[in-house]
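Sequential numbering from 1 applies to the sequence shown in full-length UniProt numbering.
The beta-carbon is built from N, C-alpha and C at its ideal position, and this holds for glycine as well.
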Amino acid sequence: MPKVEIEVWANDGARSGEPYVSTDVHGRLRLSAGLIDMLSCRDMPIKLYVGYDKANKRIALGKEDVIKAPDANPVLFDRTRHYGWARRFYDKFGIPAETARYYYDGKYQGWLMFKRDGYDAPDGRGQ
């Protein structure tokens with residue numbers, strides 16, 4: 001048998017427990033376990049306002065009791081998997097229907113901001 005070089009994967013690059021929101025091909029948003037803990041909504045549905053910073057490719061989430069948006073309807077995230085239906089959100093802002101993660105990038109005026117993984121935003125935040 002010829003000599004085989006096996007390189008061991010360290011599994012140290014995982015971002016386990018980090019708060020993020022992910023998009024998928026079905027037009028849904030999903031809250032990560034870390035974000036569920038941050039929002040204190042484990043095993044409970046939660047309604048959140050959803051916004052978007054198009055220039056910097058950031059998704060914004062806001063709790064109903066923090067964000068005042070009388071002309072908007074919040075998105076309901078179910079209690080088991082914490083998925084929310086957001087196809088029209090994708091369409092309105094030109095967000096591709098693909099699997100992507102947006103990691104927590106701080107707060108802005110009460111909104112929780114999430115930066116697209118691998119995207120260097122023009123405003124220089126979160127790099």
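Quiz item: How long is the line joining the alpha carbons of S16 and Y103, rounded to whole angstroms?
Solution: The count along the sequence shown starts at 1 and reaches residue 16 at position 16. The count along the sequence shown starts at 1 and reaches residue 103 at position 103. Annotation: S16 to Y103 spans about 12 Å, alpha carbon to alpha carbon.
Practice problem: Would you mind working out which of R28, E5, R87, D37 sits nearest E18, comparing C-alpha positions? | Solution: Counting from 1 along the sequence shown, the entry for residue 18 is found at position 18. Among R28, E5, R87, D37, the Cα nearest to that of E18 belongs to D37.
Practice problem: Look at D24 and R79 and say whether their C-beta atoms are less than 7 Å apart. | Solution: For this step, residue 24 is matched to residue 24 along the sequence shown. For this step, residue 79 is matched to residue 79 along the sequence shown. With contacts defined as CB atoms closer than 7 Å, D24 and R79 fail to qualify as a contacting pair.
Exercise. Per DSSP, which residues does A100 bridge with? Please list them.
Key: Residue mapping note: residue 100 aligns to position 100 of the sequence shown, counting from 1. For A100, which the question treats as bridged, DSSP gives the partners T23.
Quiz item: Y52 and A69: beta carbons closer than 7 Å?
Solution: Counting from one through the sequence shown, the residue named residue 52 turns up at place 52. Counting from one through the sequence shown, the residue named residue 69 turns up at place 69. Against a cut-off of 7 Å, the Cβ pair of A69 and Y52 comes out as no contact.
Quiz item: Excluding sequence positions up to five away, which residues of its chain have a Cβ less than 8 Å from the Cβ of V21?
Solution: On the sequence shown, position 21 is the one that residue 21 refers to. L29, R30, L31, S32, L35, I59, L61, R101, Y102, F114, listed in sequence order.
Quiz item: Do K63 and R116 have their CB atoms nearer than 7 Å?
Solution: As a position in the sequence shown, residue 63 is number 63, starting the count at 1. As a position in the sequence shown, residue 116 is number 116, starting the count at 1. Result no, Cβ atoms of K63 and R116 do not sit closer than 7 Å.
Practice problem: Could you give the DSSP three-state label for Y90: helix, strand or coil? | Solution: Residue numbering aside, residue 90 sits at position 90 when the sequence shown is read from its first letter. Correct three-state label for Y90: helix.
Quiz item: Should G106 go down as buried or exposed, given a rule of 16 or more other Cβ atoms within 10 Å for buried?
Solution: Indexing the sequence shown from 1 puts residue 106 at position 106. Exposed, because fewer than 16 other Cβ atoms sit within 10 Å of the Cβ of G106.
Quiz prompt | Endpoints, the alpha helix (DSSP H) within which M113 is located | solution = As a working note, residue 113 is residue 113 in the sequence shown. M113 -> not in any alpha helix (DSSP H); beta strand (DSSP E) instead, spanning 111 to 116.
Quiz item: Nearest to G27 by CA position, among Y119, A10, K47, G84, is which residue?
Solution: Residue numbering aside, residue 27 sits at position 27 when the sequence shown is read from its first letter. When only C-alpha atoms are compared, the closest one is G84.
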